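Peer 1: Chains A and B, in that order, are what the protein sequence lines are. Following this note's numbering, the numbering of the first sequence begins with 99 at its first residue and continues without gaps. Following this note's numbering, the numbering of the second sequence begins with 177 at its first residue and continues without gaps. Note that the Cβ used here is the ideal one computed from N, Cα and C, for glycine as well. Here the structure is a predicted model, which means the values were calculated and not measured.
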Amino acid sequence: MNIFRLLGDLAHLASIFILVHKMHTTRSCRGISFKTQALYVVVFVTRYIDLFYSWISLYNFVMKIFFISSSCYILYLMKYRFRPTHDPTLDTFKVEYLAGPCFALALIFNYHFDFTEIMWTFSIYLEAVAIFPQLFMMQRTGEAETITTHYLAALGIYRALYIPNWIYRYYTEGTVDPIAIVAGIVQTGLYLDFFYVYFTKVLQGQKFELPA
Amino acid sequence: AKPSEGHDEL
């Protein structure tokens with residue numbers, strides 16, 4: 099554990115709390131992509147299969163349980179509690195185009211060709227691109243509620259902080275995890291456009307609007 | 177841990 103990793107995980111937690119808070123206070127899931135949220139459930143469930151056979155630490159265990167349960171809870175809120183506020187006609191990105199190639203890549207580029215390892219690799223690749231339906235939805239509407247942008251910023255910062263974490267671990271432990279590093283850099287890169295608008299406009303108190 | 181020794185990140 100190092101400070102980058104800890105802050106990254108805390109940013110990840112914060113993003114989930116912001117999202118749940120947004121839904122409860124506005125009693126709505128407007129502007130949130132159900133598909134992206136469903137992809138996160140798939141990501142966590144396929145990544146944390148090791149909950150059944152490997153113990154890393156209490157921290158690790160609690161966080162994994164939290165990520166699986168909170169992502170399922172978010173789907174429940176979107177599908178049942180606030181269903182009328184979700185507009186599926188805006189959420190049209192085809193998730194097959196993400197899951198298919200990620201699975202194929204996981205079969206080719208992995209550390210060991212066994213079930214749990216391929217599922218772990220698949221989850222890393224899928225997480226990198228899971229934000230696409232959400233970004234695509236914002237592209238279509240051209241704007242986002244401020245609280246939605248805070249959610250996305252926290253989520254992007256989480257993976258961005260993992261990058262110095264890997265650099266730190268390389269120097270202190272000699273650990274290198276090329277799959278996580280490449281996917282993590284891609285994942286962070288996808289946020290660059292968003293970050294630009296977020297830091298130059300939203301934090302200045304302006305509305306998140308994409309140029310027409 | 178090396179990647180081969182299990183994944184300790186989230």
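For the alpha helix (DSSP H) holding A/Leu250, just list the boundary residues, first then last.
Peer 2: That run of the alpha helix (DSSP H) goes Thr244 to Glu271.
Peer 1: Smallest Cα separation from A/Val143: which of A/Leu104, A/Pro276, A/Leu224 and A/Leu111?
Peer 2: Residue A/Leu224 is the option with its Cα nearest to A/Val143.
Peer 1: Measure the C-alpha to C-alpha separation of A/Phe230 and A/Val193 and round it to an integer number of angstroms.
Peer 2: Between A/Phe230 and A/Val193, the C-alpha separation is close to 9 Å.
Peer 1: I need the DSSP call for A/Glu241, collapsed to helix, strand or coil.
Peer 2: Note: A/Glu241 maps to strand in three-state DSSP.
Peer 1: Pairs of beta-carbons, one from the segment 285 to 292 of chain A and one from the segment 247 to 264 of chain A, closer than 8 Å: are there three or more?
Peer 2: Yes: at least three Cβ pairs fall under 8 Å.
Peer 1: Under 7 Å between C-beta atoms, does A/Ser161 make it to chain B?
Peer 2: One detail in the question is off: residue 161 of chain A reads as Met in this sequence, not Ser. Yes, because at least one Cβ of chain B sits closer than 7 Å to the Cβ of A/Met161.
Peer 1: Do three or more CB pairs link the segment 111 to 121 of chain A to the segment 166 to 185 of chain A at distances below 8 Å?
Peer 2: Cβ pair count under 8 Å is three or more, so yes.
Peer 1: I'd like the list of long-range same chain contacts for B/Ala177, defined as Cβ closer than 7 Å, with 5 residues on each side in sequence excluded.
Peer 2: Per-residue confidence for B/Ala177 stands at a pLDDT of 42, beneath the threshold of 50, marking its modelled position as unreliable; no derived number is given.
Peer 1: Using the three-state DSSP reduction, which class does B/Glu185 fall into: helix, strand or coil?
Peer 2: Here B/Glu185 sits in coil by DSSP.
Peer 1: For A/Tyr138, report the span of its alpha helix (DSSP H) as first-last.
Peer 2: Its alpha helix (DSSP H) spans residues Phe132 to Arg145.
Peer 1: CB-CB under 8 Å to A/Leu105, same chain, minus the five flanking residues each way: which ones, in chain order?
Peer 2: Once the five neighbours on either side are set aside, the close Cβ partners of A/Leu105 are Leu259.
Peer 1: Against chain B, does A/Ser152 count as a neighbour if the rule is that its beta carbon must be under 7 Å from one of theirs?
Peer 2: Chain B, which has a Cβ nearer than 7 Å to the Cβ of A/Ser152, makes this yes.
Peer 1: Could you list the residues in the segment 275 to 298 of chain A with a C-beta less than 9 Å from some C-beta on chain B, going in chain order?
Peer 2: Within the segment 275 to 298 of chain A, the qualifying residues are Asp275, Pro276, Ile277 and Ala278.
Peer 1: Are there 16 or more other CB atoms within 10 angstroms of the CB of A/Glu241, so buried, or fewer, so exposed?
Peer 2: Classification of A/Glu241: exposed, given that the 10 Å Cβ count is below 16.
Peer 1: How far does the alpha helix (DSSP H) with A/Cys170 in it extend, from its first residue to its last?
Peer 2: Note, A/Cys170: alpha helix (DSSP H), Leu156 to Tyr174.
Peer 1: Using a Cβ cut-off of 7 Å (strictly closer), state whether A/Asp107 contacts chain B.
Peer 2: Chain B, which has a Cβ nearer than 7 Å to the Cβ of A/Asp107, makes this yes.
Peer 1: Just verifying my parser: in three-state terms, what is the DSSP assignment at A/Phe306?
Peer 2: Correct three-state label for A/Phe306: strand.
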